[in-house]
Ligand code: ADE
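Residue numbers (my numbering): 18 to 433.
Structure, rendered in structure tokens:
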């Protein structure tokens, strides 16, 4: 008997095909998920997940279920759930509360459903589930052993909770693992963001100017791939360290108000609100295209776009045209929600392989060690992090060298 809430169970056959496809490209997750050494502590545990519900995520939920956990899942964004995948997952016996285009009330009620299932472990992406537990569902805190967080924005929120002394259980910052941010944030966001922009606009990138707003790990990836596609890339930053990095990586660096005049494509990856706002819209060229690749839909100031425009209409799926008073048109992709998931399939499977393998290890680690970990934000133990990356090389058949004993001794010596 399923208690799931999905859009249409009849979509399950198409969803199953999507899940089957990615399952063949997740070798590390498959190895870790099927080895009791890495999942034993998950047996019999109730796990509540809030993640972007697309095929790789569904497969992760199935892996956790096969490891003996009871899994409930909601989406972590109202536009990133794929209804066919949700249907397929629900028919596997996982409790699914998610559909594409959830209203704010529905989104909130789906997260509440996860809490109703009395989770002991939490897997969050962006911090909404943890925030709900601490603010509105405190009666459920007693069951929670701890959890893990997937993304930069979520880790920032968790650290703010820790600093305020309000975090009630240990949370592993999977985002901060090498096996996560160096690959998922950089190469995953880089590829999937341009994939979504290109498949939705059907426009050329080469020869155009791409303005990347923010040069963290995600911004680095988006800028790198824009360059690879032949764009002239401008990076805008507020941090002198990152601005210097962008410069040394070969990009033009300038204030956004100046870049606004030149850009054909704008991608926000700041994690902050209103990175692109009124003064920037006023400077943009006709037909500028705007996309956000950060977690929340606050990076592009939609209220400013609304107040500056005389007309708004959907001109293609996932593209809203805003016509300004002087006739210039600005195109916003995916309502300013994270474009790679709201208008794409998320990161490539081989990238999520690393992130989700680390997630399984993180949850297992929390289930084993929650008492010692305390009410803190903690890192994935580095030996687990390195193990994931070593397993990936092994899965790819790539061998690397190892230090000789003499070299090990040399590195440990300090006398002349
Ligand atoms: N697929 C599932 N979760 C994802 C995430 N956080 N980013 C990109 N793709 C994903």
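A virtual CB, placed ideally from N, CA and C, is assigned to each residue, including glycine. This one's a predicted model, so the numbers in the text were calculated from it and none came from an experiment.
- For residue 340, the enclosing beta strand (DSSP E) covers residues 336 to 341.
- Taking a 10 Å sphere around the C-beta of residue 152, we find fewer than 16 other C-beta atoms and assign the residue as exposed.
- If you look at residue 376, you'll find it in the alpha helix (DSSP H) that goes 366 to 390.
- Under the rule that a run must span 3 or more residues, the beta strand (DSSP E) segments found entirely inside the region 212 to 261 read 226 to 230 and 249 to 253.
- When DSSP states are grouped into helix, strand and coil, residue 114 belongs to the strand group.
- Taking the C-beta atoms as reference points, residue 124 is found no nearer than 9 Å to residue 103.
- For residue 166, the distance from the CB to the nearest heavy atom of ligand 1 is not below 8 Å.
- For residue 282, the enclosing beta strand (DSSP E) begins and ends at 282 to 285.
- With fewer than three CB-CB distances shorter than 8 Å, the region 20 to 40 does not count as touching the region 51 to 65.
- Closest by C-alpha distance to residue 398, out of 412, 85, 409 and 377, is 377.
- In the structure shown, residue 326 adopts extended strand secondary structure according to DSSP, grouped into three states.
- Taken from the Cβ of residue 42, every heavy atom of ligand 1 lies 8 Å or farther away.
- Under the three-state reduction of DSSP, residue 22 is assigned to strand.
- A direct Cα-to-Cα measurement between residue 224 and residue 243 gives close to 10 Å.
- Here the alpha carbon of residue 287 sits roughly 43 Å from the alpha carbon of residue 421.
- Looking only at 364, 215 and 106, the smallest Cα-Cα distance to residue 308 is reached by 215.
- Contiguous beta strand (DSSP E) elements confined to the region 159 to 204 occur at 163 to 166 and 188 to 190, taking only those with 3 or more residues.
- Sequence-distant Cβ neighbours of residue 300 in its own chain, meaning closer than 7 Å and more than five residues away, are 274, 277 and 278.
- Runs of the beta strand (DSSP E) lying entirely within the region 72 to 118 and spanning at least 3 residues, in chain order: 87 to 91 and 112 to 114.
- In this structure, the straight-line span from the alpha carbon of residue 351 to that of residue 206 is close to 16 Å.
- Setting aside the 5 residues that flank it on each side, residue 281 is surrounded in the same chain by 225 and 226, each with a C-beta closer than 6 Å to its C-beta; the list follows chain order.
- Judged by DSSP in its simplified three-state form, residue 41 adopts coil rather than helix or strand.
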